[in-house]
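Notes follow the structure.
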Amino acid sequence: MSQLNPQVAPYNYERMTSTMNQMNINDKLYNPSVSTIGNQSSEFISETNLRRDNEIDRLRMRLLLLEQQQATQSNMNISDPVEMRYKNFEKEAAYLRNHFTSYNNTKATISELEHLLNQREFEIQELKRKFAEESQKMDREIVQCKHLASIKEEQFVMEKTKSNTLQKEIDKLNSKLNECNRYITELPTKDELKQNENKFAELKSENDAMRQKLVEYEKKHGKAKQFIRDKNFELAEFRDKIEKLELEKEKLHLEFQNYKIETQSVGELMDRCKENANLKAELEISHKFIANLQEKLSSIELKYKEEISELNACLEDKENSFSKLKKENDLRDKQISDMKNEIRELNCHKKSMGEENGKLVEKITSLETALSSDALKLMRMLFKELNLAIKDLNLIVTNSIDIYHGNQVDICSLLGTAKQCAETFNFDQNETILNTI
Numbered sequence: 015m016s017q018l019n020p021q022v023a024p025y026n027y028e029r030m031t032s033t034m035n036q037m038n039i040n041d042k043l044y045n046p047s048v049s050t051i052g053n054q055s056s057e058f059i060s061e062t063n064l065r066r067d068n069e070i071d072r073l074r075m076r077l078l079l080l081e082q083q084q085a086t087q088s089n090m091n092i093s094d095p096v097e098m099r100y101k102n103f104e105k106e107a108a109y110l111r112n113h114f115t116s117y118n119n120t121k122a123t124i125s126e127l128e129h130l131l132n133q134r135e136f137e138i139q140e141l142k143r144k145f146a147e148e149s150q151k152m153d154r155e156i157v158q159c160k161h162l163a164s165i166k167e168e169q170f171v172m173e174k175t176k177s178n179t180l181q182k183e184i185d186k187l188n189s190k191l192n193e194c195n196r197y198i199t200e201l202p203t204k205d206e207l208k209q210n211e212n213k214f215a216e217l218k219s220e221n222d223a224m225r226q227k228l229v230e231y232e233k234k235h236g237k238a239k240q241f242i243r244d245k246n247f248e249l250a251e252f253r254d255k256i257e258k259l260e261l262e263k264e265k266l267h268l269e270f271q272n273y274k275i276e277t278q279s280v281g282e283l284m285d286r287c288k289e290n291a292n293l294k295a296e297l298e299i300s301h302k303f304i305a306n307l308q309e310k311l312s313s314i315e316l317k318y319k320e321e322i323s324e325l326n327a328c329l330e331d332k333e334n335s336f337s338k339l340k341k342e343n344d345l346r347d348k349q350i351s352d353m354k355n356e357i358r359e360l361n362c363h364k365k366s367m368g369e370e371n372g373k374l375v376e377k378i379t380s381l382e383t384a385l386s387s388d389a390l391k392l393m394r395m396l397f398k399e400l401n402l403a404i405k406d407l408n409l410i411v412t413n414s415i416d417i418y419h420g421n422q423v424d425i426c427s428l429l430g431t432a433k434q435c436a437e438t439f440n441f442d443q444n445e446t447i448l449n450t451i
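First residue of the sequence shown: 15, per this note's numbering; consecutive thereafter.
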């Protein structure tokens, strides 16, 4: 386009430059890179139509201005520069006419595209409605999935608590088993039991020896008792003799008194006194012998009694220790048998608990895998639908920009997005998230 000369027709030049500047400002205002495109397609189409009408009005104004400028220039004296400018104006007018015809053509295409856009908007609305229904359906399915996931989580928590309780019971049983093992380790070994048996045999032999000694001591005690009986019998005889002698002494004393009374002879009295003195000496000797014999017998009896009591006490101690050892041995044997039975029961219980724990672990792993697979499927489907929606929006935006700039738009591509969406969103298909679960 040729440059306008400000020296010729300054008023028209100012009007044309102002209108051109206004057009540049409007172009900047209506530039899609600067202005924001609305989300609603109907508003966008109305705005584009208004912009196209405004541009057509501006072009008409420019043509009128050029025609007025041509009329004013035809009245002026034509010189070479003016003719050149006139030719330039004619070129500019021809360019503007061509541009105007192209705008008319684009208006027709715009009407067609508007029809297509209306169709597309209807399809988009239908797709949005279907998408909303499907999203509601998916929301319901997600809620159901969440409900199922919560139920599975509760089951998982219950199984976990059950496994924890079983683990605690296993720990208790293990602690009991450790106590049993510790008690078993504290129990005497075979060598110690052999040593105890040897000790028992030694004690038994000692006990037999003590019993033999006791029998011997009892025999000796019986002999001593017999000896004491014999000596007591002899003592009784001696006592009888002494009593007889005392009776005789009394008789003699009475006789002596009678004799003294009857006879006062000194010689007979002396003889009788000598006889009495001899009898008295014999009586004292017999008394001393009896006292010595009684002392010896009492000392022998005390000695034998002490020995017998010592032997009885030793024998009782040995018998008590032997009975205690026997009782302890019986108790230990009983405890060992009880512990063996408890260990068998604990091992059986431990095996059953281990099997239950393994089953619970398998259930937990299966639940975790099921939950993770369900979540992955759900996320994949959501991301797939999100990508399709983003692609659809990108196509709408690019086609709208092309319509605004007047570029050629592939109608098949516009219709193809709906086909693609219809192919991707297969609403008749029964394969939902719940069915996949």
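By construction, the Cβ of each residue, glycine as well, lies at the ideal position given by its N, Cα and C atoms. Predicted model only: the values in this text are computed from it and were never measured.
Going straight from the alpha carbon of residue i to that of residue j, what length do you get?
i	j	result
L360	R225	48 Å
K255	L266	16 Å
E262	L249	19 Å
E333	I314	28 Å
E135	Y109	36 Å
K338	I304	50 Å
A295	S219	58 Å
L228	L325	7 Å
E298	Q240	28 Å
N63	H161	51 Å
L191	I357	7 Å
S414	E376	57 Å
E69	Q139	31 Å
F406	E168	Residue identity check: residue 406 is Asp in the sequence provided, not Phe. If you take the alpha carbons of D406 and E168, they lie about 41 Å apart.
E260	S312	26 Å
L396	N132	29 Å
M152	A403	15 Å
S300	L329	43 Å
M98	D71	28 Å
Q271	E264	10 Å
E193	T199	10 Å
L409	I378	46 Å
Going by beta carbon distance, what residues of the same chain come within less than 8 Å of residue i, once the five residues before and after it are set aside?
i	result
D67	none
H363	L187
A238	I314, E315 and Y318
For residue i, which residues from the same chain have a beta carbon less than 6 Å from its beta carbon, with the 5 sequence-adjacent residues on both sides left out?
i	result
L374	E173 and S177
K398	none
N221	K332
Closer than 7 Å by C-beta to residue i: which residues in its own chain qualify, once you throw out the five before and the five after it? Chain order, please.
i	result
Q150	none
N444	In this prediction, N444 scores a pLDDT of 41, lower than 50, which makes its location untrustworthy; no coordinate-derived value is stated.
Practice task
Count the C-beta pairs between the segment 365-376 and the segment 174-184 that are closer than 8 Å, then say yes if the count reaches three, no if not.
Solution key: yes
Problem - Given 8 Å, three or more beta-carbon pairs between the segment 232-247 and the segment 310-330 - result: Taking a contact to require three or more Cβ pairs closer than 8 Å, the segment 232-247 and the segment 310-330 qualify as touching.
Handout entry: Touch test, the segment 369-378 against the segment 170-177, Cβ-Cβ under 8 Å, three pairs minimum
Key = yes
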